Amino acid sequence: MVADHSDSSEPAIDRLFSHSETVRLVNWRALSGAKSAVILCGFVAVLSFVTGLSNLAQPTVADDGPLAAVLPGGPNVVSFTGVLLAFVLGALVFGLGRRKRLAWYLTVLTLPLTSLLPLTAFQTTDVPLLLLVLLTLPLLLVNRDAFDRRLELSSLQIASLSSIVGVVLYGTIGTYAIRDQFTGIDTWGDSVYYVVVTIATVGYGDITPLTTGAKWFSLSIILFGTGAFTVAIGALIVPAIEKRMATVFGNMTPSELTLLEDHVLVLGYSDMTDSLLEELDDETDLVIVTPDADAAATLTEREVNVLTDDPTHEATLRDAKIGDAAGVVVATHDDANDVLAVLAARKLNPDIRIVAAATDGQHVDKLEAVGADEVISPVEMAGRLLGRSILEKPSTESLFGTTDDDAS
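Numbering (the working numbering), first residue to last: 19 to 426.
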């Protein structure tokens, strides 16, 4: 057991996770990190929506920008595109919050498109959007490595999404090829429009088939399109519902995980966890990682943050945002698992403070050897307390084996 000579009057969180580092007035590393890039992307989405909607509300929009003569359709079309891109960016921000690599690629492609509006109209109200894009894009590129999670799709999800793309291509190409058998189809845009309203079963009546072959072709689009969308909805929505059900059994949601910062990870659930919660719960955010579903459900009912998974897996610790954590407590009630958990935590965050609880006092040195900053043996601690109690030692003595006189 390692003695801790810190002042017992200090809060427990300070005694366990105190740092001797100099506190900076501004943490530029955090300010220019991935979280800031995601927040700025959200602001770009909001500003793009507001700017595009503001331009659409005007009777006439100026076209004084350098791209006004190049882009087809004029400022009104570009303004409408800006509103649409705002919704696209909103969805991508959600993916960026979950550190998805695909969302990063799509955002890098979408951000420059949002600058088309200010470069076309070039009004005073468009300048903030342009400046924000110029600030966000480099920050997103600098933090490229932070978005390293693959978009995990099942084979059914991939097949359903591919079928939607296939049906749209089939309908668009086929409609344009036999456009002379329809009324109102002259361009590729008309073909795409007809396919979309047909699959959606809206049928405005502005485009109608004139021949029997065109009618059968339209019917095939309806059948294939509605079938593909039905399968896609089931493949995409059902897993989301299952994830939500998992939350009921003690899992934090992805949105809750993305908000974690300066928290303390408790790897494992054992008899001492309740006492630890009473000591630290009011001082800092805690996240308990345990594979015990029953314990996780109980903790969730007590409004304790829980991630139901193996605390020795690196992927689990990444989900628990160990990179943004203030400290780690390892107490799985199994010293072998404790060693694996310490190794995984130290690998993912070499600078984090790790405190471990050794079930067997003989394993204290082993936990220290694999990277624990401090190891406490509850069994030895209990034995010392029993000995001091029978000898009527003063109650001011520290649990870590020191008296107030020794500490001074």
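We put the CB at the ideal spot given by N, CA and C, even for glycine.
This structure is a prediction, so every number in the text was calculated from the model and none was measured.
Can you say whether tyrosine 194 is buried or exposed, counting buried as having 16 or more other CB atoms within 10 angstroms of its CB? Indexing the sequence shown from 1 puts residue 194 at position 176. The residue is buried, with at least 16 neighbouring Cβ atoms inside 10 Å.
Could you say if the stretch 132-151 and the stretch 109-118 meet the contact criterion of at least three C-beta pairs nearer than 8 Å? no
Beta carbon of threonine 248 nearer than 8 Å to that of threonine 226: Here residue 248 corresponds to residue number 230 of the sequence shown, with the count starting at 1. Here residue 226 corresponds to residue number 208 of the sequence shown, with the count starting at 1. Taking 8 Å as the Cβ cut-off, threonine 248 and threonine 226 do not qualify as a contacting pair.
Near leucine 155, what residues of its chain come up, given a Cβ to Cβ distance below 6 Å and the 5 sequence neighbours on each side ignored? Counting from one through the sequence shown, the residue named residue 155 turns up at place 137. Result list for leucine 155: Leu129, in chain order.
Limits of the unbroken beta strand (DSSP E) element including threonine 308: Indexing the sequence shown from 1 puts residue 308 at position 290. It spans 304-308 - the beta strand (DSSP E) in which threonine 308 sits, taken as one unbroken run.
Using a 10 Å radius around the Cβ and a threshold of 16 neighbouring Cβ atoms, would you call phenylalanine 67 buried or exposed? For this step, residue 67 is matched to residue 49 along the sequence shown. When all chains shown are included, phenylalanine 67 counts as buried.
8 Å CB neighbourhood of valine 256 in its chain, flanking five on each side removed: Against the sequence shown, residue 256 aligns to sequence position 238. Excluding residues within five positions, none has a Cβ falling inside 8 Å.
Through-space distance from alanine 218 to alanine 104, alpha-carbon basis: Position 86 of the sequence shown holds residue 104. Position 200 of the sequence shown holds residue 218. Looking at the two C-alpha atoms, the distance is approximately 23 Å.
Going by CA-CA distance only, name the one from Thr334, Ala311, Arg406, Gly51 that's closest to phenylalanine 165. Residue 165 sits at position 147 when you count from the first residue of the sequence shown. Nearest of Thr334, Ala311, Arg406, Gly51 to phenylalanine 165, Cα basis: Gly51.
Own chain residues within Cβ distance below 8 Å of leucine 366, not counting five before or after: Stepping through the sequence shown from its first residue, residue 366 is reached at position 348. Only Glu332, Leu335, Arg336, Ile340, Gly341 meet the Cβ criterion.
Please state whether the Cβ-Cβ distance between glycine 245 and threonine 350 is less than 8 Å. Position 227 of the sequence shown, counting from 1, holds the residue named residue 245. Position 332 of the sequence shown, counting from 1, holds the residue named residue 350. Against a cut-off of 8 Å, the Cβ pair of threonine 350 and glycine 245 comes out as no contact.
Could you spell out the range, first to last residue, of the beta strand (DSSP E) harbouring glycine 184? Numbered from 1 along the sequence shown, position 166 holds the residue referred to as residue 184. Taken as a continuous stretch (DSSP letters only), glycine 184 belongs to no beta strand (DSSP E), being part of the alpha helix (DSSP H) at 173-195.
Please classify leucine 150 as buried or exposed, where buried requires at least 16 neighbouring CB atoms within 10 angstroms. On the sequence shown, position 132 is the one that residue 150 refers to. By the neighbour-count rule (16 or more Cβ atoms within 10 Å), leucine 150 is buried.
DSSP on isoleucine 217, reduced to helix/strand/coil? Within the sequence shown, numbered from 1, the residue matching residue 217 stands at position 199. If DSSP states are grouped into helix, strand and coil, isoleucine 217 belongs with the helices.
Is valine 373 near alanine 390, with beta carbons less than 8 Å apart? Taking the first residue of the sequence shown as position 1, residue 373 is located at position 355. Taking the first residue of the sequence shown as position 1, residue 390 is located at position 372. Yes, Cβ-Cβ distance for valine 373 and alanine 390 is below 8 Å.
Do valine 305 and alanine 338 have their C-beta atoms closer together than 8 Å? As a first step, residue 305 must be located in the sequence shown, where it is residue number 287. As a first step, residue 338 must be located in the sequence shown, where it is residue number 320. Yes, they are a contact pair.
Closest residue to glycine 108 among Gln141, Ala63, Leu159, Tyr123 (Cα-Cα distance): Counted from its first residue, the sequence shown places residue 108 at position 90. Considering only alpha carbons, the answer is Ala63.
In terms of residues, what are the limits of the beta strand (DSSP E) holding valine 282? Sequence index remark: in the sequence shown, residue 282 carries index 264 (1-based). Where valine 282 is concerned, the enclosing beta strand (DSSP E) stretches over 282-285.
With DSSP as the reference, please indicate the residues paired to valine 393 in a beta bridge. Taking the sequence shown and counting its residues from 1, one reaches residue 393 at position 375. Answer by DSSP bridge pairing, in chain order: Ala374.
Residue(s) in a DSSP beta bridge with proline 329: Mapped onto the sequence shown, residue 329 falls at position 311. For proline 329, which the question treats as bridged, DSSP gives no partner whatsoever.
Does DSSP classify proline 368 as helix, strand or coil? The residue you call residue 368 lines up with position 350 of the sequence shown. Residue state, collapsed to three classes: coil.
Beta-carbon spacing of valine 282, glycine 345 below 8 Å: In the sequence shown, residue 282 corresponds to position 264, counting from 1. In the sequence shown, residue 345 corresponds to position 327, counting from 1. Going by C-beta atoms, valine 282 is nearer than 8 Å to glycine 345.
Per DSSP, what kind of secondary structure is serine 54 in: helix, strand or coil? Taking the first residue of the sequence shown as position 1, residue 54 is located at position 36. It is helical.
Helix, strand or coil: which one does DSSP assign to valine 388? The residue labelled residue 388 in the question sits at position 370 within the sequence shown. In this structure, valine 388 counts as coil in the three-state DSSP scheme.
Would leucine 294 and valine 215 be called neighbours here (beta carbons separated by less than 8 Å)? Your numbering for residue 294 matches position 276 in the sequence shown. Your numbering for residue 215 matches position 197 in the sequence shown. No; because the gap between Cβ atoms is not below 8 Å, this pair is not in contact.
If you check the beta carbons only, do aspartate 378 and aspartate 352 fall under 8 Å apart? Position 360 of the sequence shown, counted from the start, is the residue given in the question as residue 378. Position 334 of the sequence shown, counted from the start, is the residue given in the question as residue 352. Their beta carbons are not under 8 Å apart, which means aspartate 378 does not touch aspartate 352 by this criterion.
Are threonine 142 and glycine 100 close, meaning C-beta to C-beta below 8 Å? Here residue 142 refers to the residue found at position 124 of the sequence shown. Here residue 100 refers to the residue found at position 82 of the sequence shown. Contact flag unset, no.
Work out the CA separation of tyrosine 212 and isoleucine 239 for me, nearest whole Å. Your numbering for residue 239 matches position 221 in the sequence shown. Your numbering for residue 212 matches position 194 in the sequence shown. Rounded to whole angstroms, isoleucine 239 to tyrosine 212 spans 10 Å at the Cα level.
Can you tell me which residues form a DSSP beta bridge with glycine 345? Your numbering for residue 345 matches position 327 in the sequence shown. DSSP output for glycine 345 lists Val282, Arg371 as bridge partner(s).
Among the residues of its own chain, which have a CB less than 7 Å from the CB of aspartate 163, if the five just before and after it don't count? Position 145 of the sequence shown holds residue 163. Closer than 7 Å at Cβ, skipping near neighbours: no residue.
Would a C-beta distance cut-off of 8 Å place alanine 311 and threonine 326 closer than the cut-off? Within the sequence shown, residue 311 is the residue found at index 293, counting from 1. Within the sequence shown, residue 326 is the residue found at index 308, counting from 1. Going by C-beta atoms, alanine 311 is nearer than 8 Å to threonine 326.
Inter-residue spacing [alpha-carbon to alpha-carbon] between threonine 190 and alanine 121: Counted from its first residue, the sequence shown places residue 190 at position 172. Counted from its first residue, the sequence shown places residue 121 at position 103. The straight-line gap from Cα to Cα measures roughly 27 Å.
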